Structure formats: structure tokens, C-alpha cells
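In order, the protein sequence lines correspond to chains A and B. Each residue of the first sequence is one higher than the one before, starting from 2 at the first, in our numbering. Each residue of the second sequence is one higher than the one before, starting from 10 at the first, in our numbering. Presented below is the structure to which this report refers.
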Amino acid sequence: MKILIVLGIGAVVLGVRLWLRRHGRGARPGPADERVAAEERVAAEERVAAEEREVTGRDGKAAVGETGRKERRGPLLGDVGLVAGREVRERLRGRVFRIGTLIILLVVAAAIVIPTLRSGKPAPQRVGVVGSLPPHAEAALVAAGPSLGTTVRVVHEPSLSSAQDDLRANRVDLVVVDGRRILVDKAINPTDTSTTAELVRALAAGLGLQRAYDTAGLSPAQVEQVSHAVPIPVTSLQPSPQGTTRTTSVIGVILIFVMLTQYNTWILVGVMEEKASRVVEVLLAALRPLQLLSGKVLGIGLVAMGQAALIVVFALALAKGVGSSLLHGTAPAELASALVWLVLGYAFYCWVYAAAGSTVERQEQIQSLAFPLSLPMLVGYIMALTVAGTGDVSLFFRVLAYLPPTAMFAMPVLVGLNKVAWWGFALSVLITVVSTVAVARFAARVYRRSILRTGQRVRLREAIAGHAVSVR
Amino acid sequence: MSDVLELRGLTRHYGEITALDDLSFTVPSGQVVGFLGPNGAGKTTTMRAIFGLVDLDAGSVRWNGTAVTQRERRRFGYMPEERGLYPGMRVGEQLEYLGRLHGMSAREAASATRAWLEQLGLAERVDSRVDSLSHGNQQRVQLVSALMHEPDLLVLDEPLAGLDPTGIDDIGQVLIHQARSGRCVLFSSHQLDQVEDLCESVTIIDHGRLVVSGRVDDLAAQGQRRLVVRVEGDRDGQWARGLPGVSVSEASGGAVRLVLEASVDSDEVLRAATHAGRVTEFVFERRRMSEVFREAMA
Chain A
2 MKILIVLGIG AVVLGVRLWL RRHGRGARPG PADERVAAEE RVAAEERVAA
52 EEREVTGRDG KAAVGETGRK ERRGPLLGDV GLVAGREVRE RLRGRVFRIG
102 TLIILLVVAA AIVIPTLRSG KPAPQRVGVV GSLPPHAEAA LVAAGPSLGT
152 TVRVVHEPSL SSAQDDLRAN RVDLVVVDGR RILVDKAINP TDTSTTAELV
202 RALAAGLGLQ RAYDTAGLSP AQVEQVSHAV PIPVTSLQPS PQGTTRTTSV
252 IGVILIFVML TQYNTWILVG VMEEKASRVV EVLLAALRPL QLLSGKVLGI
302 GLVAMGQAAL IVVFALALAK GVGSSLLHGT APAELASALV WLVLGYAFYC
352 WVYAAAGSTV ERQEQIQSLA FPLSLPMLVG YIMALTVAGT GDVSLFFRVL
402 AYLPPTAMFA MPVLVGLNKV AWWGFALSVL ITVVSTVAVA RFAARVYRRS
452 ILRTGQRVRL REAIAGHAVS VR
Chain B
10 MSDVLELRGL TRHYGEITAL DDLSFTVPSG QVVGFLGPNG AGKTTTMRAI
60 FGLVDLDAGS VRWNGTAVTQ RERRRFGYMP EERGLYPGMR VGEQLEYLGR
110 LHGMSAREAA SATRAWLEQL GLAERVDSRV DSLSHGNQQR VQLVSALMHE
160 PDLLVLDEPL AGLDPTGIDD IGQVLIHQAR SGRCVLFSSH QLDQVEDLCE
210 SVTIIDHGRL VVSGRVDDLA AQGQRRLVVR VEGDRDGQWA RGLPGVSVSE
260 ASGGAVRLVL EASVDSDEVL RAATHAGRVT EFVFERRRMS EVFREAMA
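Structure representation (C-alpha cells):
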């Protein structure tokens, strides 16, 4: 699992690096970074000329200056890395983040530990025995323990009255008198599912059966045969739901939702604050909008993935430690799919929220934006939880699993229910990746056109068609 | 080789409004160039265009004859009209970050931050949050962010706005020093008369068009003569009204500022003044930049 996370982060870093190499400074900007055509054409021609001068070394000053500067550029990923580094530092420093992570870890711990507590090993049962008990009956009595998930200890009582005393004083849980009757302290309710009650029922039935065998005069061989009777198998027309993996996929979907909501809000507010504080104009004097935007989503994304990795590693270690069944069977594969979709979901939505953040500059404007933005996520999330609960996969839900805004919730659930082939999964990933590229371009365009327009909230129509203040 | 910034035919429309109208001028290195004009003249749009923050309809910004790209902009320093820093970030950290965005190494950025904060008397505020500083000190930090990477070109949009006299002196000294060390320095102001002491040359624009451009000494010496006269008992300069070829351009603080046509003999003016009362001041003055602007527009 750790390898997956490392690979995931590595892939992101590598991807951005490659992209940067193509779009880096000095290179011809991509369509998402279009500038004024007139300026750009001239600039491109002259850049080529300048670069040629540098290569041939005719312009000594420029060449020295430029290489000198290149050597000084230390950080990974250059400017994007600088911006991302600042984001990571600022975010990790925040108290909200630390407390939030702690709360998530506590919730995860509770989800893993509490079920094992309930099904965990109950206290050993002490059974008082008064009078004689046939040896095979005593063996059966002890053998009843493991089937109820407990151990049975036999306490030989010298007399009935001492057994009653022990029972009252809670030194024994029940008393078998002469193998003919069972004595308990309090009457046992039919709905009582405590270990003692289960043991009492099992012993009552078992010893009764034993007496019936004895009365019928069965030979030990016959008794052996009869007591090994097993129930005939029951099969259903519909496959039984896989309880464990279902729980895992529900946890995965909740994790994706909580984290996407948190990190998208960071981006929305972060972009808005840079606009509101006007620092963005200082930054954009040195950076391209796409570099600033990429650094921001990369930095916050790294924090998100780090947090997710921490949670997953913590959950795995804890589950292993307490012997939880949550991560058995297909659950690890499912957890991996949840992580993949967390990355994809973040990659898809981060651009949308960044673009939205660039159109506003006040807190109350944020609130009016946040709800409509979160609607598709909300729909996907609720549908995913419902389907994970019922196991009924509708056609509508299958469609949702291939739509980028909801795929990150629907697809992990399909994986959990084992209702999607590998190619379906791959297709959905592909659709999301392709749409993410398109969304990123669109978002960069809106961002460029909105980020320096202060005062009123920028309408989307203006931002797209916008013939107003725009960046490069 | 000395550097030069060249703006050629900048044109920008916002719907019906023309922000820049075929505006061209140059900023040579080694001197402080004042970029003047009333509010809404297009100064901020021009400065944003230098940093590629505005899509131009036409025209180009050139540095030493080559169109400006991000590579050149990294070697520019910019102080926008709307000041902006991360409010919650510490002063030192903020400056180091901005320095690195301009291509400095971590170590260079740290030592430049220290040196500049020292010079502007903010050394002990290095770990303060930016929003805990006074307005003037935030402005100083903003200035440091614009010039800590020793830019080839320094562009400051209204750097003196809202400053007290000490602040104006501080920033003025820095600008002059920057220009003396061979950089191009362009700064804007809508208060035309505030900057005469600071800059060697000015470019004045209005409605996105160039009004006049040149050396301050030349512009101030051109045009009609200015005469400041103080006559006891006549604060409004009633005595001067009606003198042929003489107009009162302003009356303030008990003195009048007169504009004399070429044909006027100043001795005649002095005689009229002594006739009106005791003359306590009689001085020829240079043309102010606001007068240069008004007369060019007339």
C-alpha cells in the first residue's frame, strides 16, 4: 500500500515536471496560456534569436547572466515547486489541519477497533459441576467454549449449597447439577445474547441430547455418528452481500468525500485570499498564472495525499494490530481503488475550485459559491453510500461511475460490490483524466481573466468571453 | 551597455473606454523617471502591461530592443498600486519567498532580506506577521519585495501615496540610489508637483495618450515666466488683477503666483506691487509639473 502511495505522489511530481519542461519559461506557451497574439508572435521570433545568440555565445553578458541564474534555481520543479513548498509549509502549520487530522485518525481508529471489541474474546466461562458428569459430557462441555468464541473452565463443587454460594458470589457463571439440570443466578431472557446465555442454551440442548442418546441406548460409535450431524447447505438465487468489503468501500467513499471537501475549500479560500490581499499581482509579475495555479494545487494536493497516506498506513497498522476483519479479502484492492479515486477526484475538482476562487474576493461571496459547487459531489456521495448499503446497482448509478464529477464516489463502490470489470474501471479513469486536462485549461482561462478584476464578483460569462482585465 | 525600457504604441480598450491610446515612451537607465497624470489617465494599465498583466489590443513592451517575456520580467521589480502581501505570513519569510520567485537562491534571499530590513529600520520586525505592521512599514516591506533581487528595472505604482514625510524621504532616497546604480526606475504619481525633487525626467499622460515627456529641468524652464509676489495687506492679489499680460494662477498663503507673458516687463509688475503695499517677497520660480500638464493640455 505504501508503495502505491509513493508511486502516486511520484507520478504527480513526474507529470508536472514533464509538463513544465514543455511549458517552462522561454518555451512557447500552450493554448491555456495564450497571450496577445501580436505581442507573442514578435516575442517568439525574438526569443529564438536571443536563444541562438546565447548558444553561439556572441552575446556574452546575456549568456553568463542566464546560466548563472539557472544554477541558482535550486528547488525541485522550479517556480511551481516554490509555490507548492509555500503551500505545504503554510498548511502544515495550521492548527485546523493538525486537529482535523487527529479527529480523522480517531474516527478511523474507532471504526476499526469498536467492531473487534464487540466480537472480541469474552470472559472465560466458569461452569460449576455438582455430582457426577459422564466424561464425554464434560469434554463436550469444555468443547462448547470455542464455538462461542470463549473458553470454558470446569469448577468441581463439593455440594449443591456451596455451588449456590459460588453462583451468588459470581465465582461461577452457571452450575450443572448431576448432568440433569442447570442452575443460573438470574433467569435468562430469550433475547439475551450474552456469552453466558448462549452457553446455557447450548449446554441445555447438548446435555439433553446426551441424555436422550443414553436413554436410547446408543453405542458410543452411534453417538459419535449422530453428534457429527451437520446442517445441509442453504443457497440463495442472489449472491450474498460481502459485508467486509462493503464496509471498506463505505469508509473509502467517506474518506474521499471528507478530504475532497476539505482540500477543495482550501483551494477556493486560498485563491480568494490571494486575490483579496492583492498579493497575487506581485506574484503574477514574476510567475505565469498557470505556474501559480499549478503550484497551489500541487502543494495542497501533496498535503492531501500525505494525510491520506498517514490515515491509510495508520488504519492498516491498527487493523493488523487488533486483528480487524475490515482489511481481509478484497478490501486492500478496494482501498487502493479508493486512493486512486481520491487522487483523480482531487485532480478534477481542484481546478474547478481554483477558478471559482478567482472570481470572488469576500468571504460571503465564497459561501454563495461553495454550495452549488459541491452539489455534484454531494449527489455522487449520497448515491454511493445508498448503493453501498443496499447493494442495488441501478443503470443511473453505473452512468455516474463514468462521469468525472461523480466517478470518484460511484466507481469505488462498484469495485466493492464486484460489479465492474477491469476495463470499465480503466475506461472511467481515462475519461476522468481526459476531462481533468480539459477542465484545467478552462479553469486557467477563467483564472487569468478574473484574478485581477476586483470589486464585484466576476460573472462566469465575463470570465470566459471576457474582454476585460486579464493576465497574459 | 545601458538598459532601456521601451513602450511602443500601447493600446487597450475596455468596452467603450479607451485606457491606452497608442502610448509610446522610453525609460532609460540611470535616472528616476516620473510617470504622471491625473487619476484614470492609464498609468496603472501601462504598468500592468509592462508585467504582462493586461492583454494589449496593440503595441509592445521591449527591453533593450527585445519583446519582454517572463525571463526579463523575472529581472524586473514591481510595486503595484494595490499593495499586497500575505497578511498572515512573517515579514522575513514573505520576503525570502518573493526573492526566490525572482530567481534568488535561498541563501541570497535570506541575506538580502536581512540587509534591506536593516536599512529601512525594520530589522527587529523580521518575525512579525505582515498584518501587524503599520501602513507605512507594510509599504516599506512592499518596496523591499520589489527591489531585493536587484532588478534591472524598477516599476513602482504610486509608491508615495499615503506616506508621511519621513516615509516619502525614505522611499525617495532608495529610488534615487537605485537609479544612480544604473537601473531603470519608473514610478507613477497623480500628484504632479510632489515628484519634482525626486525625478530627473517625467512622462505625463492623460486619457491613455502621451501629453508631454522630457527632462524636468527643460520642462520647468520652458514656457512663460512665473513670479511669486507677497504684498502686505493684499492677500488675494487684487493689485495684480487687471495688469496687462499678467494672470494670477493661484493665490495661497498670502502670496500670489503670477504668469507673465513674454512682453511684460517685471519692473512694471514690481512697481504695481509696491504701489499696493509693502512687498515682502518677489521671486521668479520654475514652472511646476502641474502647470506643464495644464499648459500642454490647453
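Glycine included, each C-beta is placed from N, C-alpha and C at the ideal position. If you're wondering where the values come from, they're calculated on a predicted model, not measured in any experiment.
Check, Outcome
"Minimum Cβ-Cβ distance from arginine 92 (chain B) to chain A less than 8 Å", "yes"
"Opening and closing residue of the beta strand (DSSP E) in which methionine 98 (chain B) lies", "Element bounds for methionine 98 (chain B): n/a, residue is neither H nor E."
"Glycine 24 (chain B) - DSSP class collapsed to helix/strand/coil", "coil"
"Exposure of lysine 321 (chain A), with buried meaning 16 or more beta-carbon neighbours within 10 Å", "exposed"
"Continuous beta strand (DSSP E) stretch holding leucine 236 (chain B): start and end", "234–240"
"Per-residue DSSP class, three states only, for glycine 145 (chain B)", "helix"
"Nearest-angstrom Cα separation, counted from threonine 197 (chain A) out to asparagine 190 (chain A)", "11 Å"
"Cα-Cα separation, threonine 175 (chain B) to leucine 267 (chain B)", "32 Å"
"Bounding residues of the beta strand (DSSP E) (the contiguous stretch that carries histidine 157 (chain A))", "153–158"
"For serine 197 (chain B), three-class secondary structure by DSSP", "strand"
"Beta-carbon proximity of valine 225 (chain B) to leucine 45 (chain B), cut-off 8 Å", "no"
"Any C-beta of chain B under 8 Å from that of valine 281 (chain A)", "yes"
"The stretch 204–218 of chain B in contact with the stretch 37–55 of chain B per 3-pair CB rule at 8 Å", "yes"
"The stretch 170–200 of chain B: positions lying closer than 8 Å to chain A by Cβ", "none"
"Spatial neighbours of arginine 234 (chain B) in its chain, beta-carbon cut-off 7 Å, leaving aside the 5 residues before and after", "Leu269, Phe293"
"CB of leucine 163 (chain B) within 8 Å of CB of alanine 155 (chain B), strictly", "yes"
"Cα-Cα separation between glycine 207 (chain A) and valine 231 (chain A), rounded to whole angstroms", "15 Å"
"Cβ neighbours of glutamine 126 (chain A) in the same chain (closer than 6 Å, five flanking residues each side left out)", "Thr151, Val153, Asp174, Leu200"
"Aspartate 60 (chain A) - DSSP class collapsed to helix/strand/coil", "For aspartate 60 (chain A), the pLDDT reaches just 38, beneath the cut-off of 50, and the residue's location in the model is therefore unreliable, although a value from the coordinates is still provided. Aspartate 60 (chain A) falls in the coil class under three-state DSSP."
"Min CB distance alanine 318 (chain A) to chain B below 8 Å", "no"
"Residue environment, arginine 23 (chain A), which counts as buried when at least 16 other CB atoms sit within 10 Å", "Confidence at arginine 23 (chain A) is low in this model, with a pLDDT of 42, below 50, so its placement is unreliable and the value that follows should be read with caution. Under this definition arginine 23 (chain A) is an exposed residue."
"Neighbour list for glutamine 40 (chain B) in chain A, Cβ cutoff strictly below 8 Å", "Under the 8 Å cutoff, chain A gives no residues; its nearest Cβ is about 22 Å from glutamine 40 (chain B)."
"Boundaries of the alpha helix (DSSP H) in which leucine 418 (chain A) is found, first to last residue", "Unbroken run through leucine 418 (chain A): none, as it is neither H nor E."
"Residues of the stretch 207–231 of chain B whose Cβ lies closer than 7 Å to any Cβ of chain A, in chain order", "none"
"Best match in A:Gln292, A:Gly86, A:Thr437, A:Val259 for proximity to isoleucine 104 (chain A) [C-alpha to C-alpha]", "A:Val259"
"Residues sharing a beta bridge with glutamine 126 (chain A), DSSP", "A:Val153"
"Straight-line Cα distance separating threonine 117 (chain A) from proline 221 (chain A)", "40 Å"
"Whether serine 33 (chain B) touches leucine 16 (chain B) by CB criterion (8 Å)", "yes"
"For phenylalanine 44 (chain B), the three-state DSSP class (helix, strand or coil)", "strand"
"In chain order, each beta strand (DSSP E) run of at least 3 residues that lies wholly inside the stretch 142–194 of chain B", "162–165"
"Closer than 8 Å to chain B by CB, aspartate 80 (chain A)", "yes"
"For phenylalanine 85 (chain B), the residue or residues it bridges with in DSSP", "B:Leu162"
"Euclidean distance between Cα positions of arginine 450 (chain A) and valine 341 (chain A)", "32 Å"
"Collapsed DSSP secondary structure at phenylalanine 258 (chain A) in the structure displayed", "helix"
"Per-residue contacts from leucine 431 (chain A) into chain B (C-beta, under 8 Å)", "The contacting residues do not exist; leucine 431 (chain A) stays about 33 Å from chain B at best."
"Length of the line joining the Cα atoms of glutamate 241 (chain B) and alanine 50 (chain B)", "40 Å"
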